[in-house]
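Heads up: the sequence shown begins at 825 in our numbering, then just goes up one per residue. Take a look at the structure below.
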Amino acid sequence: MKRSNRSGRRSSPDCKRSGAGSVPEPSENAGPGGPGLAGQPIGPDGPRARVLVAGATGYAGALAADLVWRHPDLELAALTARSEIGTPLNRLYPRYAVPLELRELDLADLDDVEAAIVAYPHGASAPVVAEMRGRGLVVVDLSADFRLEELPTYERFYGAHGAPDLLDGAVYGLTELEREAVAAAELVANPGCYPTATILALAPLASEGLIEDVVIDAKSGVSGAGRDKGEATAFTTVTENVTAYTPVGHRHRPEIAEKLDRLSPSDAGIESITFVPHLVPLDQGESVSCYVRSGRDVGQDELDRLYEQAYTGEPFIKLCDAPPGMRDVRDSNGCHIQVIAGDDRIVVFAVIDNLWKGASGQAIQNLNLMLGLDETAGLR
């Protein structure tokens, strides 16, 4: 998927790691200056990389800050926000033991910062990322500003772009499919939560040209909507309720389509993609159920083989023998997948934690690679 030019737990399904292979070693080009900043090793054998988290009042930004704070090889240099200035993060989010105070972002005061995770809203992120890149920071951006390859597609769904010149150099950070490119990147576009689960669910099929059309039934906890959605995510609205939203024209559909089409061996790509998300009365978690019509009969043995081959050795992906549940991946960077040869369609289930693998956990996974670290560092 590279750019074209560039307690009370239910018993878990029988999930297994998808192979005994090892995770590839970080690229020799990982991070600025090789396997560490300025040519120095990062971690136990060298200085910890100093990381800024911008936009730390939101759910994803706050979790990113906590993950950096607890990371063995990273140092949380600063937290910035556009509100709650002067408030310690552990007061705003008592679940996180991060005592640093939120401050305004000063782009002229980044000399002691090597990397940034930017958790700004779509559209607000791009100009800030451009300034950070101009000052030599490696950046993982959690917004949609650098995910789409085609500028007109971005403008249709999000409006004017704040830094279009950076699009060609950005790497789409679905780590399992773009590991080498991420390791060599200086700007990574962290995928959306729904695209992360959906593309991981469907990539083995798309790569073999086995998707003619697909219907994606997606469900997410309310944290996926962010902190400031008001009545739409209020307790009295979402409790004991499941509601579809944006059934036509959801912003994540073009992201899913673009990446799956790039995986497909056919120039025509995938004939039809129907994507319908739902809001469910949970805090965190995300599930996608994908119903695939293929151009030929595909048996269970072939499906099992394809998925084993695709995900052998992946540290965060497990293949399951029963439909996985969101609770099984809560507060983890995992993605659990089951694939079934149905009577007339292939059915694929995938679950992730929308704040972890769907946002901040994957951001850390990507940043680890960019800095020459083990991609699982700070995520176990």
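Note that the Cβ used here is the ideal one computed from N, Cα and C, for glycine as well. The structure presented is a predicted model; accordingly, all values stated were derived computationally and were not measured.
Roughly how many whole angstroms lie between the Cα atoms of F1099 and N1178? 17 Å
Could you tell me the distance, in whole angstroms, from the CA atom of D930 to the CA atom of R1204? 33 Å
For the segment 1147-1159 against the segment 1173-1192, are there 3 or more C-beta pairs whose distance is under 8 Å? yes
Under 8 Å, do V922 and A889 count as touching if we go by C-beta distance? yes
Apart from the five residues just before and just after T1200, which ones in its own chain have a Cβ nearer than 6 Å to its Cβ? P1139
Does the distance from the C-beta atom of G986 to that of G1016 stay below 8 Å? no
Considering Cα atoms alone, identify which of E1036, S907 and S1184 is closest to C1114. E1036
Going along the chain, which residues of its own chain have a beta-carbon closer than 7 Å to the beta-carbon of G1123, five neighbours each way excluded? A1165
Give a yes or no on whether the C-beta atoms belonging to V1116 and V1038 are separated by under 8 Å. yes
Segment contact, 8 Å Cβ cut-off, at least three pairs: the segment 1079-1095 with the segment 1138-1153: no
What three-state label does DSSP hand E1110 in the structure shown? strand
With DSSP collapsed to three states, give me the class of Y1131. helix
From P1078 to Y996, what does the alpha carbon distance come to, in whole angstroms? 14 Å
Would you identify the three-state DSSP class for V1006, choosing helix, strand or coil? helix
Take the Cβ of G1073 as the centre, count every other Cβ of all protein chains shown within 10 Å, and call the residue buried at 16 or more, exposed below. exposed
Can you grab the Cα-Cα spacing for the pair L926 / A873, in whole Å? 20 Å
Uninterrupted beta strand (DSSP E) stretches inside the segment 900-961 (no shorter than 3 residues): 939-942
Compare the C-alpha of A994 against each of L1001, E1000 and A1005 and name the closest. A1005
In whole angstroms, give me the CA-to-CA distance for I1188 and W893. 11 Å
For T881, which residues from the same chain have a beta carbon less than 7 Å from its beta carbon, with the 5 sequence-adjacent residues on both sides left out? A905, S907, E908, L916 and L926
With P1028 as the anchor, note down where its alpha helix (DSSP H) starts and where it stops. C1017 to S1031
Do K1043 and E1000 have their C-beta atoms closer together than 8 Å? no
According to DSSP, is F981 part of a helix, a strand, or is it coil? helix
I'd like to check one pair, T1070 with P1101: are the Cβ atoms closer than 8 Å? yes
DSSP state of P988, grouped into three classes? helix
Name the DSSP bridge partner or partners of P1101? A1042
When the Cα of A954 is compared with those of E1010, R1120, D935 and L972, which residue comes out closest? E1010
Classify A1092: buried if its beta carbon has 16 or more other beta carbons within 10 angstroms, exposed otherwise. exposed
Can you tell me which residues form a DSSP beta bridge with I1176? E1110 and C1159
Buried or exposed (CB count within 10 angstroms, at least 16 for buried), R971: buried
Could you check what DSSP says for A873 in three-state terms: helix, strand or coil? strand
Can you list, in chain order, the residues of its chain whose CB lies under 8 Å from that of D1107, leaving out five sequence neighbours each side? G1045, V1046 and S1047
Return the residue from the list R1075, R959, S967 and E1064 that minimises the CA-CA distance to V1012. S967
State the CB to CB distance for the pair V1112 and I1040, rounded to an integer number of angstroms; the pair is presumed to be in contact (CB under 8 Å). 6 Å
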